[in-house]
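First up is the structure itself, then whatever we jot down about it.
Residue numbers (my numbering): 6 to 734.
If you want it as structure tokens, here you go:
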């Protein structure tokens, strides 16, 4: 009887079993499976090596990847020819390696066109002439040696490759980025940026001083733009952050708008929004009262500024023996019904012409009248008052008796509308023989005064009252302004001791790293101190310009303040606790730059026991390879803020890739870890950090790749058991 296929003897019965065992060994040959052959799964550009009793696939030198499914050519030249090949070189990448070439005007010290600097070869200047005594035999020996070098194959160990591209902080060399530039170190190279107050010219930013023609030029906005019929108040500079303040020329007014233009980071002035419109003053309803006084009304538009008038007087006496009386009187007032009392001759025909002084324009008003005769003017104590030069009074007696002495009593009371407790009161007597005496008063600026003048010792004690509104002082009343405690100001007030003053603050805040940010505040305070102090509500990490003006003065003072950064916002992460299972991917979200510019994001791996003692400000954690063990923790990844997308990105923990200069090492199985995300802000040589725990890993398990390998191994065992059960039947 013939044998069936399953009765062909022990050898045939054992053959399928051996095939299944081979399949199981291949499936279970994942990294970390002791005793199983993984070499058959290595990538074509990888080598199978024995590490700690285990076989693993490692990409050959010049390639990076996991060794099994991926080994990609590593571009050694990405760190720059100077770092890899040395000075005066160009670097050329090839699959699995690279070679160097000297630049024009230089030669390699091994006399080859290409070289790899493992034997100390470098580029030096070419010899302009050969030594005359050099022997031909010596040249031939060198040519033979060079030929032998070309035939040699050069291999680098990973340790040698790391030494070749080891990072050097080029920024330790001062002036590397030229005037106005600041150096930022990168992996294997550096980048240059222009400092605050400078703009890049003739090239890109960031730039490299050896390849780019970029220069950092100090921002200069030049001459500010002109405002038609306006002018600039005070001095100014054309540097970044400087401001100019505009005002309309006399005879023009402006609708309340922004009167300030700032020098921007683009090197241009902001367009001023001030619009000056000419005022045409209309003089109406001119009338005469008290025989020698003139009153009129004006309509000068929506505002009520001080207006200067020119009153031209021309009189002709009825008696032809008397001379003609001609005189010009000036008057400045903000009243809408101005009035002035003139020194006129009795019994005279007068023509009075009233107009505004240049540059203000008006339609002149003319009035004619006749003064009464002498016999109608008696010394009844009547007089009138007119104002000139802002704080001076002219007293005009009606009596024409010359030489008699008169005594006037002055009572002065001043108040400020913006200060409830301010009061300036004084009184004095004034004696004169003049018919039209002038009295100048010592008044405070920006004050409304009521002056009552009484003529004493006259038949009738006659009194006249007049109001005077003094303008702000032209001279500066604030000195020695300075900042302290970062957000506070103190200054010296040049004023009478114990007299209250009101100060107006106008504050502008900007951030170079957050273009949409703008902060503006306006408020006032009152103080009777001669050395006032105030602390401002300012945001961190911001450049401020503070304008301070005493309301009794026209001129403000401006000071710049810069607030330091504070801790960045806490990282937005979803907390995970993992017990023996695989880790999810870390989802990194970009933080908002509320308290200062974000510079970098770091992922830190710590032993779980160190979580309670970890300080977020500690910068002691180093790379995975810097210590013999990871007992103190290490930085697994670092990303610059500019490399993090606006939405989000994911980072798999332990993927064996470099993030920045840090290696993302796999977690050791069976250990407990704490994984922290740290955000760093840096500005003006100040660093601030904020941290959040992303995950606590207890009894860490296999990575995702290892889990896949174990799964295949388990499948193979199931197949073997099924086969044995079938064969037993």
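For every residue, glycine included, the Cβ atom is placed at its ideal position computed from N, Cα and C.
Which residues mark the beginning and the end of the alpha helix (DSSP H) in which residue i is found?
| i | result |
| --- | --- |
| residue 89 | 86-89 |
Starting from residue i, follow the beta strand (DSSP E) in both directions and report where the run begins and ends.
| i | result |
| --- | --- |
| residue 760 | Lying outside 6 to 734, the shown extent of the chain, residue 760 is not represented and no answer is given. |
| residue 290 | 285-294 |
| residue 422 | Where residue 422 is concerned, there is no enclosing beta strand (DSSP E), given that its DSSP letter is neither H nor E. |
| residue 346 | 344-346 |
| residue 52 | 51-56 |
| residue 97 | 94-99 |
| residue 694 | 691-703 |
| residue 302 | 298-304 |
| residue 200 | Counting along the chain, residue 200 falls outside any beta strand (DSSP E), and DSSP gives it neither H nor E. |
| residue 280 | Premise fails: residue 280 is in no beta strand (DSSP E) and is neither H nor E. |
| residue 584 | 581-584 |
| residue 358 | 353-361 |
| residue 318 | 312-322 |
| residue 391 | 388-393 |
| residue 107 | 102-107 |
Could you name the residues of the same chain whose beta carbon sits closer than 7 Å to that of residue i, not counting the 5 residues immediately before and after it, in chain order?
| i | result |
| --- | --- |
| residue 517 | 201 and 270 |
| residue 638 | 609, 610, 611, 612, 615 and 626 |
| residue 182 | 188, 197 and 214 |
| residue 410 | 436 and 438 |
| residue 243 | 225, 226, 227 and 268 |
| residue 654 | 593 |
| residue 296 | 376 and 377 |
| residue 457 | 416, 468 and 470 |
| residue 77 | 68, 69 and 70 |
| residue 675 | 704 and 705 |
| residue 389 | 295, 298, 346, 401 and 469 |
| residue 122 | 90, 91 and 105 |
Does DSSP put residue i in a helix, a strand or coil?
| i | result |
| --- | --- |
| residue 332 | strand |
| residue 630 | helix |
| residue 453 | strand |
| residue 648 | helix |
| residue 616 | helix |
| residue 170 | Since pLDDT at residue 170 reaches only 42, below the 50 mark, its modelled position is unreliable, and the value read off the structure follows with that caveat. Note: residue 170 maps to coil in three-state DSSP. |
| residue 46 | helix |
| residue 205 | strand |
| residue 176 | helix |
| residue 255 | coil |
| residue 83 | helix |
| residue 123 | helix |
| residue 607 | strand |
| residue 5 | This structure cannot speak to residue 5, because the chain is shown only from 6 to 734. |
| residue 112 | strand |
| residue 470 | strand |
| residue 60 | strand |
| residue 434 | strand |
| residue 240 | coil |
Within a Cβ cutoff of 6 Å, which residues of the same chain sit near residue i, ignoring the five residues on either side of it in sequence?
| i | result |
| --- | --- |
| residue 366 | 285 |
| residue 353 | 320, 322 and 376 |
| residue 115 | 126 |
| residue 248 | 265 and 267 |
| residue 83 | none |
| residue 526 | 512 |
| residue 552 | 511, 561 and 563 |
| residue 195 | 175, 176 and 188 |
| residue 541 | 492 |
| residue 331 | 319 |
| residue 421 | 427 and 452 |
So, under 8 Å CB-CB, residue i and residue j are touching, yes? Tell me the CB distance rounded to an integer number of Å.
| i | j | result |
| --- | --- | --- |
| residue 277 | residue 251 | 6 Å |
| residue 274 | residue 226 | 5 Å |
| residue 88 | residue 193 | 5 Å |
| residue 628 | residue 572 | Between residue 572 and residue 628 the Cβ distance is about 25 Å, and since that is not below 8 Å, they are no contact. |
| residue 394 | residue 346 | At roughly 16 Å, the Cβ-Cβ gap does not stay under 8 Å, so residue 394 and residue 346 are not in contact. |
| residue 550 | residue 272 | Not really, about 18 Å apart at Cβ, beyond 8 Å. |
| residue 695 | residue 643 | Going by Cβ atoms, the distance from residue 695 to residue 643 rounds to 15 Å, so no, they are not a contact pair. |
| residue 509 | residue 554 | 5 Å |
If you drop the 5 nearest sequence neighbours on each side, which residues of the same chain put their C-beta closer than 8 Å to that of residue i?
| i | result |
| --- | --- |
| residue 373 | 354, 355, 356 and 357 |
| residue 254 | 234, 235, 236, 281 and 364 |
| residue 481 | 499, 558, 560 and 562 |
| residue 630 | 668 |
| residue 241 | 229, 247, 248 and 249 |
For the stretch 474-554, which segments carrying the beta strand (DSSP E) assignment without a break, of at least 3 residues, lie completely within its bounds, in sequence order? 483-489, 493-498, 506-515, 524-532 and 538-540
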